[in-house]
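Below you'll find the structure, written out as C-alpha cells, and then a few comments.
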Amino acid sequence: MWSQSEPIYRIATQSTAKAWRNRLARYRLVGTHCASCGMDHFPGRHVCPKCHKRDLEPKEFPRTGTVVCTAVDHSPLMGHGEEVPKPLAVIKLSEDGPFVITDIVDCDVEQLKEGLEVELVFRKWRRETNGNYMYGYKFRPISTRG
Ligand SMILES: [Zn+2]
C-alpha cells in the first residue's frame with residue numbers, strides 16, 4: 352500500500368505539531384468529560400457545547416462499540432489509503448460513550464451493518480508533513496479477532 356519511495360503530498364499530510372497534540376485521542380481514545388453537565392465529547396473540547404463551561408477533564412473511553420450508521424467510500428482522499436471500497440461507520444462507544452466516525456478494517460462491505468459489535472485496533476492512518484507515518488484508532492468486528 353505505502354512504500355518508502357512514495358511521494359509525500361503536502362495536501363495529504365497533517366502537520367507534525369497537530370499530530371502531536373491529538374496523539375492521546377488517536378492512541379487511547381481520550382476525549383473530555385464536562386464536570387458541570389456530565390456530557391462526554393470525542394474528540395476533546397475546550398468548551399462544553401451543551402453548558403458552555405470550561406471545566407472539562409480528560410476521559411479515556413471504552414475500546415468497544417456498536418455500529419449505528421454505515422458508509423462506503425469508493426474514492427478516498429489522497430493519502431488515506433488506496434484500497435477501495437473502504438468501509439466507514441459511525442459507532443456508539445460502549446458504556447454510553449460518545450459517537451465516533453471511524454474506518455472499519457478487517458471487514459467486508461457486505462458484513463458491515465448496523466448493530467455490528469466492533470473493537471479498537473491500532474493502525475496506520477496517513478503521513479505527517481515530516482514524512483513520519485501517523486497511527487491511530489480504527490475499528491474491526493469483534494468476531495474476526497485472532
Ligand atoms: Zn457541560
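With the sequence shown counted from 1, adding 351 to any position gets you our numbering. Just so you know, even glycine gets a beta-carbon here, dropped at the ideal spot from N, CA and C. These numbers were taken from a predicted model, which means no experiment stands behind them.
Flag this pair as yes or no: are the beta carbons of residue i and residue j separated by less than 8 Å?
{"i": "G448", "j": "P413", "result": "yes"}
{"i": "E479", "j": "A370", "result": "yes"}
{"i": "V441", "j": "C458", "result": "no"}
{"i": "T364", "j": "R477", "result": "yes"}
For residue i, does the three-state DSSP call read helix, strand or coil?
{"i": "A386", "result": "coil"}
{"i": "Y378", "result": "helix"}
{"i": "K489", "result": "strand"}
{"i": "K410", "result": "strand"}
Using a Cβ-Cβ cut-off of 8 Å (strictly less than) and excluding sequence neighbours within five positions of residue i, which residues of its own chain qualify?
{"i": "T415", "result": "L444, S445, E468, V469, E470, L471 and I493"}
{"i": "G482", "result": "I359"}
{"i": "C402", "result": "C385, S387, C388 and M390"}
DSSP has residue i in a bridge; who is on the other side?
{"i": "R478", "result": "T364 and Y484"}
{"i": "I359", "result": "None; I359 has no bridge partner."}
{"i": "H392", "result": "T383"}
{"i": "E470", "result": "T415 and R491"}
{"i": "D454", "result": "L439"}
{"i": "D424", "result": "K437"}
{"i": "L444", "result": "G416"}
Between the alpha carbons of residue i and residue j, how many angstroms are there, rounded?
{"i": "V398", "j": "G432", "result": "33 Å"}
{"i": "T382", "j": "Y488", "result": "For the record, residue 382 in the displayed sequence is Gly; it is not Thr. If you take the alpha carbons of G382 and Y488, they lie about 13 Å apart."}
{"i": "G430", "j": "P394", "result": "22 Å"}
{"i": "E465", "j": "T417", "result": "8 Å"}
{"i": "G485", "j": "K404", "result": "As written in the sequence, residue 485 is Met, which differs from the Gly given in the question. If you take the alpha carbons of M485 and K404, they lie about 32 Å apart."}
{"i": "V435", "j": "I359", "result": "20 Å"}
{"i": "L439", "j": "Q462", "result": "12 Å"}
{"i": "S366", "j": "A422", "result": "27 Å"}
{"i": "V460", "j": "R361", "result": "30 Å"}
Kindly list the residues whose CB is nearer than 6 Å to the CB of residue i, restricted to its own chain and excluding five residues on each side of it in sequence; keep chain order.
{"i": "H384", "result": "D391, E408 and K410"}
{"i": "H425", "result": "V435 and P436"}
Which residues in the same chain as residue i place their Cβ atom closer than 7 Å to its Cβ, once the five residues preceding and following it in sequence are excluded?
{"i": "R396", "result": "T383 and L407"}
{"i": "V456", "result": "V472, R474, K489 and R491"}
{"i": "R372", "result": "none"}
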